[in-house]
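Structure first, then comments.
Number of protein chains: 2
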Amino acid sequence: MSTERRAAVLSVGDELILGQIADTNARWILGALAEVGFLGIEHRTLPDDRAAIATAILEFARRVDAIVVTGGLGPTADDLTREALGDAAAPQAALELDPVAIDHLESFFTRRGRTMSPSNRKQALRPPGTAMLPNPNGTAMGIAARIGACAIFCLPGPPREMQPMFRASVVPALPTGAGAIATAAVHQLGLGESVAAERLGAMMDRDRSPTVGTTASGGVVTARIRAEGDRASASALVEETARQVERAWHPYAYGRDERTLVGAVASLLVESQRTLAVAESCTGGMLGSTIVDFPGASDFFVGGWIVYSNALKERLLGVPTAMLEAHGAVSEPVARALAQGAVERSGSDYGLAITGIAGPGGGSEGKPVGTVYVGLAQRDGGKSAARRFVITGDRHDVRERSARLALQMLRLELLGMAEVPLLWEAPPAGEKASTPATGRRA
Amino acid sequence: MSTERRAAVLSVGDELILGQIADTNARWILGALAEVGFLGIEHRTLPDDRAAIATAILEFARRVDAIVVTGGLGPTADDLTREALGDAAAPQAALELDPVAIDHLESFFTRRGRTMSPSNRKQALRPPGTAMLPNPNGTAMGIAARIGACAIFCLPGPPREMQPMFRASVVPALPTGAGAIATAAVHQLGLGESVAAERLGAMMDRDRSPTVGTTASGGVVTARIRAEGDRASASALVEETARQVERAWHPYAYGRDERTLVGAVASLLVESQRTLAVAESCTGGMLGSTIVDFPGASDFFVGGWIVYSNALKERLLGVPTAMLEAHGAVSEPVARALAQGAVERSGSDYGLAITGIAGPGGGSEGKPVGTVYVGLAQRDGGKSAARRFVITGDRHDVRERSARLALQMLRLELLGMAEVPLLWEAPPAGEKASTPATGRRA
Numbered sequence: 021m022s023t024e025r026r027a028a029v030l031s032v033g034d035e036l037i038l039g040q041i042a043d044t045n046a047r048w049i050l051g052a053l054a055e056v057g058f059l060g061i062e063h064r065t066l067p068d069d070r071a072a073i074a075t076a077i078l079e080f081a082r083r084v085d086a087i088v089v090t091g092g093l094g095p096t097a098d099d100l101t102r103e104a105l106g107d108a109a110a111p112q113a114a115l116e117l118d119p120v121a122i123d124h125l126e127s128f129f130t131r132r133g134r135t136m137s138p139s140n141r142k143q144a145l146r147p148p149g150t151a152m153l154p155n156p157n158g159t160a161m162g163i164a165a166r167i168g169a170c171a172i173f174c175l176p177g178p179p180r181e182m183q184p185m186f187r188a189s190v191v192p193a194l195p196t197g198a199g200a201i202a203t204a205a206v207h208q209l210g211l212g213e214s215v216a217a218e219r220l221g222a223m224m225d226r227d228r229s230p231t232v233g234t235t236a237s238g239g240v241v242t243a244r245i246r247a248e249g250d251r252a253s254a255s256a257l258v259e260e261t262a263r264q265v266e267r268a269w270h271p272y273a274y275g276r277d278e279r280t281l282v283g284a285v286a287s288l289l290v291e292s293q294r295t296l297a298v299a300e301s302c303t304g305g306m307l308g309s310t311i312v313d314f315p316g317a318s319d320f321f322v323g324g325w326i327v328y329s330n331a332l333k334e335r336l337l338g339v340p341t342a343m344l345e346a347h348g349a350v351s352e353p354v355a356r357a358l359a360q361g362a363v364e365r366s367g368s369d370y371g372l373a374i375t376g377i378a379g380p381g382g383g384s385e386g387k388p389v390g391t392v393y394v395g396l397a398q399r400d401g402g403k404s405a406a407r408r409f410v411i412t413g414d415r416h417d418v419r420e421r422s423a424r425l426a427l428q429m430l431r432l433e434l435l436g437m438a439e440v441p442l443l444w445e446a447p448p449a450g451e452k453a454s455t456p457a458t459g460r461r462a
Numbered sequence: 021m022s023t024e025r026r027a028a029v030l031s032v033g034d035e036l037i038l039g040q041i042a043d044t045n046a047r048w049i050l051g052a053l054a055e056v057g058f059l060g061i062e063h064r065t066l067p068d069d070r071a072a073i074a075t076a077i078l079e080f081a082r083r084v085d086a087i088v089v090t091g092g093l094g095p096t097a098d099d100l101t102r103e104a105l106g107d108a109a110a111p112q113a114a115l116e117l118d119p120v121a122i123d124h125l126e127s128f129f130t131r132r133g134r135t136m137s138p139s140n141r142k143q144a145l146r147p148p149g150t151a152m153l154p155n156p157n158g159t160a161m162g163i164a165a166r167i168g169a170c171a172i173f174c175l176p177g178p179p180r181e182m183q184p185m186f187r188a189s190v191v192p193a194l195p196t197g198a199g200a201i202a203t204a205a206v207h208q209l210g211l212g213e214s215v216a217a218e219r220l221g222a223m224m225d226r227d228r229s230p231t232v233g234t235t236a237s238g239g240v241v242t243a244r245i246r247a248e249g250d251r252a253s254a255s256a257l258v259e260e261t262a263r264q265v266e267r268a269w270h271p272y273a274y275g276r277d278e279r280t281l282v283g284a285v286a287s288l289l290v291e292s293q294r295t296l297a298v299a300e301s302c303t304g305g306m307l308g309s310t311i312v313d314f315p316g317a318s319d320f321f322v323g324g325w326i327v328y329s330n331a332l333k334e335r336l337l338g339v340p341t342a343m344l345e346a347h348g349a350v351s352e353p354v355a356r357a358l359a360q361g362a363v364e365r366s367g368s369d370y371g372l373a374i375t376g377i378a379g380p381g382g383g384s385e386g387k388p389v390g391t392v393y394v395g396l397a398q399r400d401g402g403k404s405a406a407r408r409f410v411i412t413g414d415r416h417d418v419r420e421r422s423a424r425l426a427l428q429m430l431r432l433e434l435l436g437m438a439e440v441p442l443l444w445e446a447p448p449a450g451e452k453a454s455t456p457a458t459g460r461r462a
């Protein structure tokens, strides 16, 4: 028996229905609704078509407890959400000018030293019986309405404006229900999706609570755990299952929810007061950039080298010409030499190096496209090692997955578990690589 | 008068409606349909709910010429698209085993040295009167059906499987219409969205053909041009307007459609046989990585340095300690010194350097978060210069926009137009930065 409430999400815009831009709002809103106990039963994308928008709002209002609409609140002629909302919620009534909205618009422009254009006045209109929702980051205020027991929230399309409005104005105004939906995600890198699912066994049964499903993206496999009920018991159930998943995926599981591999590596490095440098060939800076995405990166990351040409591999990191000639730039000794060079020349405690063939060209029989060596060196004792992977995917995939494998290699080293096998790992003889995980169900 | 045909897109999956993964298929399919003259009038996302899927298919079949469904074709109990299609297209009839599909499945498993599990046999089922669509990349074949005049195509969810099937099996089977939709996109970086739109003037009138709309993402403003009609005249109209847009946006417009800033820079560098190196602080390798995304990068890109710590700025690129102490790492002289150091120590013709405060911490009154200096040096004549920007957005935005501004600075230098002003540019006195463009309409 489900205790949750039901919601629908509507995205409005010609640019969306023509496939010209990606709709990131729908996924964000559906996830945010689930967190507060609202189960999405439908998402719909429509063009800037007043009648279609009004029809969808009316149809949803009969079936769900809450509707969230994004887009169509701008100042131009093709912004029709406020009119469509009027058609649905207050038919035959004219839109009204909201005095608070007029103030909002005038102060928005005044603060920027600009004067309001007449077209912007349209943004102060709302159907009678509805209320404006503040927008601290733009001119388009939102509108809250009701049709019967259904609460409707219209928000502007830009995520930077929509997301704070959703948190500040929509969440507190949602019709309360008895239930909540608790969710958690556990991430691992190193097991393929099918092996990872096998390790979860009966946890993945469809009729179990909490439910557990897996998704995979860029090599990372995520278990998504979900339970319904009252907030405390749903959370406890989810927590217990999340721990079971982490045990089943040990030592590959590196974190939950928003935790990244870099975050996991960062904790271990900062804890032991160690530092890291990188040397990148085929990734061209992607590993460094991924590390710097993490706001506390300066606590452990010193920097590194992008040694894309062989000349720079020699000149900047001292890889011997003879080694490059004998083994090629994509080879185990070169990956080790790059990692060692990074440690020696930066003074860092650890060095990670990536050299590979990202494609589309450059592959050969012994070194097909996707062949990547990741080197790991440490200052203490001067140890270094390199592992060979054959990674499936296009140029971007191969580079992204290489960077993630490098981080997982370092994490496992820091945990004293450097020997565990990893997805896509291939012995130098060129044995068949493991099957890649897919990002989406069939 | 519109000559186009109408289409609807349906995405199926609990993981989508819970907001757990992003639906990239819908946008791709809507764009691909537009290219062959089908205008999307609605996109809908539904959970794995047999009745809801069947209802949507029936409802769409009354309103559109073609329906594309993705997801729900896997082997597990929650994959219900084939059953729902049967409910809609052949009610009361049992699903049939397709012998070709059985062969496909058996050979798929045999080639991988595995045996087919009984659950996979489900994937050979289809409603009577429908046909299987080949899937070269997975076990889930597609299904083609008709309800009245409406053509229905069910495809698996993983993009790597879906996209080739769409091209090979859906496009040739779409009901032909008289019309086509021609589209083009023109990209520029350097003008804010409002200024860019003003320069287009009457081209953006809603009732004009071709229609022109702008979208903005990460500083890049794109004009999307669209005309309907017979293929030749629609294409000619779009081409003419694209040229007008390029003239209006000169010299900021750098390319059309899939062309990237890196691609534009690459052409200019390769043409003049020049090479490039980078030195990155706050971007941490993102500029290098963006360059290496371009498959021909090795023709002009040698590599560079990630000098995240000040120690590495000194040690690897020779930035004087006194300069760092007097001006700080985020300063005009340091940006120039980094670019010069990159040229001198790599032997490249050009050097690009980025040093800035990406946030969330580290800002001060004189150097707020978003302050970025981009340095550009060249070997010929030893010239160097740096420009100051104050970029809005979060940590990732600031870094991404910095990398793009650096590439546009180099492009303009290569065109002999280094002096034109750029978005977010701010004189060192700390004058107010220009307003950022938003990525999506309100």
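The listed protein sequences derive, respectively, from chains A and B.
The first sequence begins at 21 in the working numbering and counts up one residue at a time.
The second sequence begins at 21 in the working numbering and counts up one residue at a time.
The C-beta atom is built at its ideal place from N, Cα and C for all residues, glycine as well.
Got a sec: which bits of the region 316-349 of chain B sit with their beta carbon under 9 Å from any beta carbon on chain A, in order along the chain? Contacts with chain A (Cβ-Cβ distance below 9 Å) from the region 316-349 of chain B involve Ala317, Ser318, Phe321, Val322, Gly323, Gly324, Trp325, Ile326, Val327, Tyr328, Ser329, Ala331, Leu332, Lys333, Arg335, Leu336, listed in chain order.
Using CA atoms only, rank isn't needed, just tell me which of Asn155(B), Arg424(B), Val32(B), Gln40(B) is closest to Tyr10(B). Given that chain B is displayed from residue 21 to residue 462, the structure contains no residue 10(B) and the question cannot be resolved.
Can a CB atom of chain B be found closer than 7 Å to the CB of Ile37(A)? Output row for Ile37(A): interface = yes.
Listed by chain order, chain B residues near Arg424(A) by CB distance under 7 Å: Ordered by position in chain B, no residue passes the 7 Å Cβ test against Arg424(A), which lies about 14 Å from the chain.
Starting from the Cα of Ala438(B), find the closest Cα among Ser229(B), Ala405(B), Arg146(B), Ala76(B) and give me that residue. For Ala438(B), the nearest C-alpha among the options comes from Ala405(B).
What residue range is occupied by the uninterrupted beta strand (DSSP E) comprising Phe10(B)? What is shown of chain B runs 21 to 462, which leaves residue 10(B) out entirely.
Assuming Val339(B) contacts Gly361(B) (C-beta within less than 8 Å), just tell me the rounded distance between them. Gly361(B) and Val339(B) do touch by the CB rule: their CB atoms are close to 7 Å apart, below 8 Å.
State the Cα-Cα distance for the pair Glu345(B) and Arg180(A), rounded to the nearest angstrom. Cα to Cα, Glu345(B) sits roughly 37 Å from Arg180(A).
In whole angstroms, what is the alpha-carbon distance linking Arg419(B) and Gly324(B)? In a straight line, the C-alpha of Arg419(B) is about 17 Å away from that of Gly324(B).
Taking the runs of the beta strand (DSSP E) that are 3 residues or longer, which of them lie wholly in the region 74-134 of chain B? Whole beta strand (DSSP E) segments, 3+ residues: 86-90.
Helix, strand or coil for Ala373(B), going by three-state DSSP, please let me know. Ala373(B): strand per DSSP, three-state reduction.
Spell out whether any CB of chain B is found under 7 Å from the CB atom of Ala74(A). So, not an interface residue.
How many Å lie between Asp227(B) and Leu257(B) at the Cα? Distance between the alpha carbons of Asp227(B) and Leu257(B): 15 Å.
Tell me the DSSP bridge mates of Ser31(A)? Paired residue(s): Thr65(A), Thr90(A).
Residues that Tyr393(A) bridges to, as DSSP identifies them: According to DSSP, Tyr393(A) bridges with Thr375(A), Arg408(A).
Mind checking whether Ala27(A) and Gly60(A) have CB atoms under 7 Å apart? Pairing Ala27(A) with Gly60(A) gives a Cβ-Cβ distance under 7 Å.
Indicate whether at least one CB of chain A lies closer than 7 Å to the CB of Ser255(B). False, the Cβ-Cβ gap to chain A never drops below 7 Å.
Who are the near neighbours of Leu125(B) in its chain, counting only those whose CB is closer than 8 Å to its CB and skipping five residues on each side? Excluding sequence neighbours, Leu125(B) sits near Met136, Asn140, Arg141, Gln143, Ala144, Thr159.
Could you list the residues in the region 406-431 of chain B with a C-beta less than 7 Å from some C-beta on chain A, going in chain order? For the region 406-431 of chain B, which is checked against every Cβ of chain A, the residues closer than 7 Å are Arg415, His416.
Flag Ile41(B) as yes if its beta-carbon sits less than 7 Å from any beta-carbon of chain A, otherwise no. For Ile41(B), the answer is yes, since a Cβ of chain A falls inside 7 Å of its Cβ.
Along chain B, which residues have their Cβ under 8 Å away from the Cβ of Thr235(A)? Those are Glu35, Gln40, Ile41, listed as they occur along chain B.
To the nearest whole angstrom, what separates the beta carbons of Ser309(B) and Thr303(A), a pair I think is in contact under 8 Å? Between the beta-carbon of Ser309(B) and that of Thr303(A) there is about 7 Å, and that keeps the pair under the 8 Å contact cut.
Enumerate in chain order the residues of its own chain whose CB-to-CB distance from Leu36(B) is below 6 Å, with the five nearest sequence positions on each side excluded. Closer than 6 Å at the Cβ level, and outside the excluded window around Leu36(B), lie Asp43, Thr65.
At 7 Å on the CB atoms, spell out the chain B contacts of Asp313(A), in chain order. Neighbours of Asp313(A) in chain B, taken as residues at a C-beta separation under 7 Å, are given in chain order as His416.
Output yes or no for whether 7 Å exceeds the beta carbon distance between Leu434(B) and Leu307(B). Against a cut-off of 7 Å, the Cβ pair of Leu307(B) and Leu434(B) comes out as no contact.
Please state the DSSP three-state secondary structure of Ser292(B). Three-state result, Ser292(B): coil.
Any beta carbon of chain B sitting closer than 7 Å to that of Glu364(A)? No, no contact with chain B.
7 Å Cβ cutoff, Leu50(B) in contact with chain A: A Cβ of chain A is located within less than 7 Å of the beta carbon of Leu50(B).
Contact criterion: CB-CB distance below 7 Å. Does Arg251(A) meet it with respect to chain B? No, because no Cβ of chain B sits closer than 7 Å to the Cβ of Arg251(A).
Taking C-beta to C-beta, are Ala378(B) and Val410(B) nearer than 7 Å? Not a contact, by the Cβ cut-off of 7 Å.
Less than 7 Å between the C-beta atoms of Ser301(B) and Val327(B), yes or no? In this structure, Ser301(B) lies near Val327(B), with their beta-carbon atoms less than 7 Å apart.
Would you please verify whether the beta carbon of Glu62(A) is less than 7 Å from any beta carbon of chain B? Yes, its Cβ sits closer than 7 Å to a Cβ of chain B.
In DSSP terms, what His416(A) is bridged to: Beta-bridge analysis with DSSP links His416(A) to no other residue.
Could you give the residue range of the alpha helix (DSSP H) that holds Glu248(A)? Glu248(A) -> not in any alpha helix (DSSP H); beta strand (DSSP E) instead, spanning 240-249.
Ignore the nearest five residues each way along the sequence and tell me which others in Gly382(A)'s own chain have a CB closer than 8 Å to its CB. Only Val389 meet the Cβ criterion.
Taking 7 Å as the threshold (C-beta atoms), are Met224(A) and Val232(A) in contact? Between Val232(A) and Met224(A), the C-beta gap is smaller than 7 Å, which places the two residues in contact.
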